[in-house]
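Chain order of the listed sequences is A and B.
Following the numbering used here from start to finish, the first sequence increments by one per residue and tops out at 508.
Following the numbering used here from start to finish, the second sequence increments by one per residue and tops out at 354.
Beta carbons are placed, not taken as given, at the ideal position from N, Cα and C, and that holds for glycine.
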Amino acid sequence: MSDAVQLSNITKSFGPVNVLSDVSISCRAGSVRALVGENGAGKSTLLKILTGSVAPDAGAVSVFGEAVDLEGWDPLESQRQGIAIVHQEFALLPNMTVSDNVFLGRERKKRGFVDRQAQEEETAALLSTVGCRVDPRARVEDLNIANAQLVEIAKALSQNAKVIALDEPSAVLSGRELETLFTVVEALRDKDVAVLYVSHRMDELFRLCDEFSVLKDGRVAGAGQIADTTNDEIIRMMVGRDVASAFPQANTPSDDVLLRLEDFHVDGLPAPISLTVRAGEVVGIAGLAGSGRSRLLKGIFGLIPSTGNLHLSGVSDKAPNGSGEAIDDGFAFIPEDRKQLGLALSQPVSSNLTLLDLPAIRRGGLLSKKKEIALATNLVSTYGIKSTKTGSEDVGQLSGGNQQKVVFAKWLQMSPKLVLLDEPTRGIDVAAKEEIYRVIRELSKQGVGFLMVSSELIEVLGLSHRVLVMVDGVIRGELPAGSTEEEVMTLVTETSHQPVGY
Amino acid sequence: MLHNLPARLTRRTLLESGAVVWALVIVLFLFALAQSDDFRTAANLSNISRQIVILGLVAAAQFIVVIAGGVDLSLAANARLSAIVTAIVINGSDDRLLLGVVAGLSTGVIIGLVNGFIVTRLRVEPFIATLGTGALLTGLALFFASTPVGRSSPALNNFYGFSIGGVYAIVLLLVLIWIAISVAMNRSTWGRHLYAAGGDPGSAALAGINVRRVTASAYVWAGLLGGAAGVVILASAGVGDAASVQGLEFDSLAVVVIGGASLAGGRGRLIGTIGGVLLFSLIGNVFNLLKVDVWYQQLVRGLIILIAAAALVDRYDKRKQSKRTQDQEEDDKQQPLQRSV
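#1: Would F253 of chain A and G479 of chain A qualify as a contact pair, given that the criterion is a beta-carbon distance under 8 angstroms?
#2: Have a look at the DSSP bridge pairing and note the partners of D400 of chain A.
#3: Between P81 of chain A and chain B, is the shortest Cβ-Cβ distance under 8 angstroms, so that the two count as touching?
#4: With the cut-off set at 8 angstroms, would you say T228 of chain B and T160 of chain B are in Cβ contact?
#5: Counting contacts by CB-CB distance shorter than 8 angstroms, is M476 of chain A in contact with chain B?
#6: Helix, strand or coil for V494 of chain A per DSSP?
#7: With A73 of chain B and I194 of chain B assumed to form a contact (beta carbons below 8 angstroms), what rounded beta-carbon distance in angstroms separates them?
#8: Could you list which residues in chain A have their beta carbon closer than 9 angstroms to that of G212 of chain B, in chain order?
#9: Rounding to the nearest angstrom, what Cα-Cα distance links L99 of chain A and E113 of chain A in this structure?
#10: State the Cα-Cα distance for the pair L53 of chain A and I442 of chain A, rounded to the nearest angstrom.
#11: Looking only at C-alpha atoms, which of B:G253, B:S59, B:L276 and B:R109 sits nearest to N298 of chain B?
#12: Determine the DSSP secondary structure at M458 of chain A, reduced to helix, strand or coil.
#13: Would you grab the beta carbon distance between V178 of chain A and A152 of chain A for me? Rounded to a whole angstrom, and I think it's under 8 angstroms.
#14: Residues in its own chain within less than 6 angstroms of I131 of chain B by CB, not counting five upstream and five downstream?
#15: Does chain A have any CB closer than 8 angstroms to the CB of R332 of chain B?
#16: Using three-state DSSP, classify D428 of chain A as helix, strand or coil.
#17: Leaving out five residues before and five after G239 of chain B in sequence, what residues of the same chain have Cβ atoms less than 6 angstroms from its Cβ?
#18: Since T282 of chain A is in the beta strand (DSSP E), which residue starts that stretch and which ends it?
#19: Quick check on this structure: which residue in A:D234, A:K395, A:A415 and A:L294 has the alpha carbon closest to the alpha carbon of L463 of chain A?
#20: Residues in its own chain within less than 6 angstroms of G147 of chain B by CB, not counting five upstream and five downstream?
#21: At 9 angstroms on the CB atoms, spell out the chain A contacts of A209 of chain B, in chain order.
#22: Find the residues of chain B that neighbour F119 of chain A, judging by a C-beta separation of less than 7 angstroms, and give them in chain order.
#23: Taking S216 of chain B as the query, report the chain A residues whose CB atoms sit under 7 angstroms from its CB, ordered along the chain.
#24: Could you tell me whether any Cβ in chain B is nearer than 8 angstroms to the Cβ of H206 of chain A?
#25: Below 8 angstroms on C-beta distance, what does H93 of chain A contact in chain B?
#26: Looking at the C-beta of S460 of chain A, does it have a partner C-beta in chain B at a distance below 8 angstroms?
#27: Enumerate in chain order the residues of its own chain whose CB-to-CB distance from D435 of chain A is below 7 angstroms, with the five nearest sequence positions on each side excluded.
#28: Are the segment 171-185 of chain A and the segment 422-441 of chain A touching by the rule of at least three beta carbon pairs closer than 8 angstroms?
#29: Given that a residue counts as buried once 16 or more other Cβ atoms are within 10 Å of its Cβ, and exposed if not, what is S510 of chain A?
#30: Rounded C-beta distance between S280 of chain A and L264 of chain A? I'm assuming under 8 angstroms.
#31: Using a Cβ-Cβ distance under 8 angstroms, would G82 of chain B count as near chain A?
#32: Residues in its own chain within less than 7 angstroms of V413 of chain A by CB, not counting five upstream and five downstream?
#33: Looking only at its own chain, which residues have a Cβ that is under 7 angstroms from the Cβ of M243 of chain A, when we skip the five neighbours before and after it?
#34: Relative to chain B, which residues along the segment 158-173 of chain A have a C-beta separation below 8 angstroms, given in chain order?
#35: Taking the alpha-carbon of T51 of chain A as reference, which of A:L132, A:S489, A:L149 and A:H93 has the nearest alpha-carbon?
#36: Hey, does I222 of chain B have any beta-carbon neighbour from chain A nearer than 8 angstroms?
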């Protein structure tokens with residue numbers, strides 16, 4: 007079968023930075039091609055060229071064998087040629103309804119006016135095919151991330167596209183939603199759609215994809231049939247080295263209890279929670295999205311009101327009142343969504359790094375640029391952040407993995423006693439993940455405690471000394487280190503089907 | 014308009030739809046009926062309705078620009094200059110009435126084009142751009158009419174005074190314009206694209222919308238409405254005067270805000286702005302009839318703006334939280350039925 011879409015010898019630079027050099031990739035109708043690569047490898051830029059929102063410096067794009075005119079190649083033209091994309095950064099308008107978003111730019115009309123009713127009905131049908139149960143009239147800002155992602159996919163489906171690019175569609179989905187996503191992608195393939203699938207989750211690629219292309223530093227590092235390759239081989243192509251084991255050797259936590267929650271009741275959770283974290287211990291919290299894990303972390307950090315006892319060794323007996331107090335007490339909080347809560351994207355790396363510790367860069371009451379640069383330079387090298395040496399560029403320019411390193415550096419600079427991690431490696435590449443695991447392990451050896459929420463079970467199991475399983479706002483069980491994914495999932499699914507008493 | 018009802022009624026959607034402002038309007042209206050014998054006279058009521066027209070046009074213009082994510086501080090100056098141009102062209106002759114009206118409206122459109130160009134092509138912040146053009150237009154108005162110039166014509170005066178059973182034709186025209194704008198904003202693709210471009214230009218562009226063009230069009234339509242307000246100013250004042258309708262810049266923006274539209278763009282309904290127009294006009298009228306000092310009026314208007322702004326603030330925090338971080342708990346609350354299956 008012929009190629010539905012072909013990008014040939016694409017080269018693109020942003021200023022002095024070479025993002026893509028001589029990249030060629032194609033996708034056949036009725037097949038799924040995996041596009042993998044570390045963050046910053048150029049995947050997103052490649053997709054933007056495919057969909058016309060970025061123009062390449064050199065190269066050619068052809069759709070069903072016909073070369074397109076790159077002069078007039080914009081998002082609208084690419085849509086007309088049957089190319090749709092599900093963006094990783096949500097391209098939905100929060101102020102508009104789900105159905106308005108799905109049909110934005112392609113409104114259904116009746117007698118010259120937008121036919122809302124038709125749009126809403128069609129949207130409802132599309133949503134049900136992607137297993138998303140939201141009202142088409144709901145506003146996008148009222149949806150959670152997973153549902154917003156499913157709406158994005160529904161939007162792409164509504165275009166009846168012949169080529170669909172999915173940019174990390176699974177990053178914010180879990181469990182049932184993920185299964186639905188796979189079914190949707192398989193259905194697209196069966197309908198002879200060409201699918202370009204970007205993901206960091208290896209298991210998905212082997213389950214879903216037919217072919218693969220690996221990008222590394224803006225070049226194609228390898229391509230072929232998924233059936234002919236292995237997990238390790240792909241990772242080797244991505245990082246250019248062997249990855250023996252992603253998770254560093256575990257340390258032994260001390261017996262001293264660092265954090266103790268007793269009858270700790272966070273607003274919005276159905277029942278009080280009790281748990282302990284010892285010094286040097288990593289406690290993982292597993293559970294489905296929506297089980298209240300993030301809420302618990304926010305309660306501990308004082309962002310959501312709570313009652314009951316919170317005992318942080320040597321410091322306090324109650325939950326901090328707001329983040330200022332939490333930081334003073336020795337808590338650090340790495341939030342789930344770094345772009346919204348963790349970073350000031352339009353500010354330089356250096357100001358982001360030093361934001362929490364302004365006293366350290368003060369001189370005579372005013373902030374010293376010199377001290378800021380010195381501290382930032384130090385942190386940039388300590389945490390291996392890929393930016394200018396002094397952190398002078400804006401954080402928004404960095405890749406996801408490097409942004410997350412900035413978040414870590416900024417918080418760890420405060421020498422916290424207990425670090426609350428909410429999805430610490432969401433949407434970042436393998437190499438950056440490993441570096442973050444290494445940092446976590448390093449600090450736990452020094453006696454720092456971690457309470458970690460992650461939807462990636464492998465990560466929870468690989469890093470944690472103990473795993474707590476949270477279901478519907480209640481901790482339903484505890485598993486020791488070395489437990490298997492099956493054991494965790496059993497606990498999750500067993501309990502969730504029982505009637506919950508609230 | 015049933016299709017405008019949001020899927021879920023929250024405090025935010027209530028404020029945004031202008032329901033709160035309308036409740037205040039009704040309360041104030043009933044209060045005035047009970048308290049003032051002068052208020053309920055037919056003459057007074059139809060008089061208020063006609064006083065609303067100028068603010069009603071300029072506020073609708075402001076509303077369009079605000080939805081597009083901008084702001085137009087030049088609207089009042091636009092209206093004043095358009096009034097002067099119309100006055101000069103007509104200069105008391107019915108023969109030149111049509112020409113004068115066209116000249117006035119064209120003045121507004123040209124100003125809108127210039128604003129749109131500066132904002133979308135030169136990429137100057139709308140606040141600064143229109144502050145600049147506004148000052149420029151004020152200068153031009155003073156140049157043409159440092160003392161009143163030109164005159165309205167008998168036909169224009171007659172039209173302004175024409176009423177059927179106490180309902181002024183010009184008020185009916187205003188209502189028709191409001192309905193047209195409301196339908197265009199809610200039910201045309203242009204309106205959808207305007208809300209999209211104002212809500213998030215980046216996402217709108219990815220959906221294939223020509224953001225610059227749709228944004229510029231907002232300034233042009235606003236300019237046209239500003240010109241129309243100018244014609245009405247001339248009809249009511251009789252001469253072209255650079256010192257007419259003071260305070261319009263302030264009021265037009267204020268009523269849009271208390272009507273629930275967001276200055277960040279993409280949120281709000283015209284019906285809310287209309288509620289704001291009625292509220293401000295009623296306050297003026299009622300306070301005058303009750304012989305309350307003028308400064309009380311300003312005080313109350315100021316308070317209303319601040320309260321409205323404060324009430325609207327937290328929805329943005331909420332938006333960030335619910336979309337990005339609140340995990341699924343929020344969602345579960347929305348859909349208890351499906352969840353329990």
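The relevant details are as follows:
#1: Walking along the first sequence from the start, residue 253 of chain A turns up at place 247. Walking along the first sequence from the start, residue 479 of chain A turns up at place 473. The answer is no: Cβ separation not under 8 angstroms.
#2: Position 394 of the first sequence, counted from the first residue, corresponds to residue 400 of chain A. The bridge partners DSSP lists for D400 of chain A are A:P354.
#3: Here residue 81 of chain A is taken as the residue at index 75 of the first sequence, counted from 1. It does; some Cβ of chain B falls within 8 angstroms.
#4: On the second sequence, residue 228 of chain B is found 215 positions in, with the first residue counted as 1. On the second sequence, residue 160 of chain B is found 147 positions in, with the first residue counted as 1. Taking 8 angstroms as the Cβ cut-off, T228 of chain B and T160 of chain B do not qualify as a contacting pair.
#5: For the purposes of this step, residue 476 of chain A is identified with residue 470 of the first sequence, where counting begins at 1. No, because no Cβ of chain B sits closer than 8 angstroms to the Cβ of M476 of chain A.
#6: Residue numbering aside, residue 494 of chain A sits at position 488 when the first sequence is read from its first letter. Helix.
#7: One-based indexing of the second sequence puts residue 73 of chain B at position 60. One-based indexing of the second sequence puts residue 194 of chain B at position 181. At roughly 6 angstroms, the Cβ-Cβ gap stays under 8 angstroms, so A73 of chain B and I194 of chain B are in contact.
#8: Your numbering for residue 212 of chain B matches position 199 in the second sequence. What G212 of chain B touches in chain A: L99, P100, N101 and M102.
#9: As a first step, residue 99 of chain A must be located in the first sequence, where it is residue number 93. As a first step, residue 113 of chain A must be located in the first sequence, where it is residue number 107. Their backbone Cα atoms lie some 15 angstroms apart in a straight line.
#10: For the purposes of this step, residue 53 of chain A is taken as the residue at position 47 of the first sequence. For the purposes of this step, residue 442 of chain A is taken as the residue at position 436 of the first sequence. The alpha-carbon atoms of L53 of chain A and I442 of chain A are separated by roughly 27 angstroms.
#11: Here the question's residue 298 of chain B lines up with position 285 in the second sequence. Measuring from the Cα of N298 of chain B, the nearest candidate turns out to be B:S59.
#12: Stepping through the first sequence from its first residue, residue 458 of chain A is reached at position 452. If DSSP states are grouped into helix, strand and coil, M458 of chain A belongs with the strands.
#13: Indexing the first sequence from 1 puts residue 178 of chain A at position 172. Indexing the first sequence from 1 puts residue 152 of chain A at position 146. With a Cβ gap of about 6 angstroms, V178 of chain A and A152 of chain A count as contacting.
#14: Here residue 131 of chain B refers to the residue found at position 118 of the second sequence. Contacts found: V137 and A142.
#15: Reading the second sequence from its first residue, position 319 is the one you call residue 332 of chain B. In this prediction, R332 of chain B scores a pLDDT of 41, lower than 50, which makes its location untrustworthy; no coordinate-derived value is stated.
#16: Taking the first residue of the first sequence as 1, we reach residue 428 of chain A at position 422. The answer is strand: DSSP assigns D428 of chain A an E or B state.
#17: To locate residue 239 of chain B, count along the second sequence from 1; it is residue 226. Same-chain partners within the cutoff: A74, L88, N91, A92 and G121.
#18: As a working note, residue 282 of chain A is residue 276 in the first sequence. Where T282 of chain A is concerned, the enclosing beta strand (DSSP E) stretches over I279 to R284.
#19: Stepping through the first sequence from its first residue, residue 463 of chain A is reached at position 457. That would be A:L294, whose Cα lies nearest to the Cα of L463 of chain A.
#20: For this step, residue 147 of chain B is matched to residue 134 along the second sequence. The beta carbon of G147 of chain B sits closer than 6 angstroms to the beta carbons of L86, S87 and A90 from its chain, once the five residues preceding and following it are set aside; these are given in chain order.
#21: Here residue 209 of chain B corresponds to residue number 196 of the second sequence, with the count starting at 1. Within 9 angstroms of the CB of A209 of chain B, the CB atoms of chain A belong to L99, N101, M102, D106, N107, L110 and G111, in sequence order along the chain.
#22: Working through the first sequence from its first residue, we reach residue 119 of chain A at position 113. The contacting residues are R200 and S201.
#23: Walking along the second sequence from the start, residue 216 of chain B turns up at place 203. Simply A97, L98 and L99.
#24: Counting from 1 along the first sequence, the entry for residue 206 of chain A is found at position 200. No, because no Cβ of chain B sits closer than 8 angstroms to the Cβ of H206 of chain A.
#25: Your numbering for residue 93 of chain A matches position 87 in the first sequence. By Cβ distance, chain B contributes L219.
#26: Against the first sequence, residue 460 of chain A aligns to sequence position 454. Judged by the 8 angstroms Cβ criterion, S460 of chain A is not in contact with chain B.
#27: Looking up residue 435 of chain A in the first sequence gives position 429. For D435 of chain A, where only same-chain residues beyond five positions count, the Cβ hits under 7 angstroms are E44, N45, H206 and G407.
#28: Yes: at least three Cβ pairs fall under 8 angstroms.
#29: Summary: the structure shown does not reach residue 510 of chain A, with chain A confined to residues 7 through 508, and so no result is reported for it.
#30: The count along the first sequence starts at 1 and reaches residue 280 of chain A at position 274. The count along the first sequence starts at 1 and reaches residue 264 of chain A at position 258. 15 angstroms between Cβ atoms; not a contact.
#31: Against the second sequence, residue 82 of chain B aligns to sequence position 69. Using a CB distance cut-off of 8 angstroms, G82 of chain B does not count as an interface residue toward chain A.
#32: Locating residue 413 of chain A in the first sequence gives position 407, where the first residue counts as 1. Excluding sequence neighbours, V413 of chain A sits near I340, R344, G348 and L349.
#33: Translated into the one-based positions of the first sequence, residue 243 of chain A becomes position 237. Within the same chain, M243 of chain A has close Cβ partners V220, K222, A227 and G228.
#34: none
#35: Here residue 51 of chain A corresponds to residue number 45 of the first sequence, with the count starting at 1. By alpha-carbon distance to T51 of chain A, the top candidate from A:L132, A:S489, A:L149 and A:H93 is A:H93.
#36: For this step, residue 222 of chain B is matched to residue 209 along the second sequence. At least one chain A Cβ lies under 8 angstroms of I222 of chain B.
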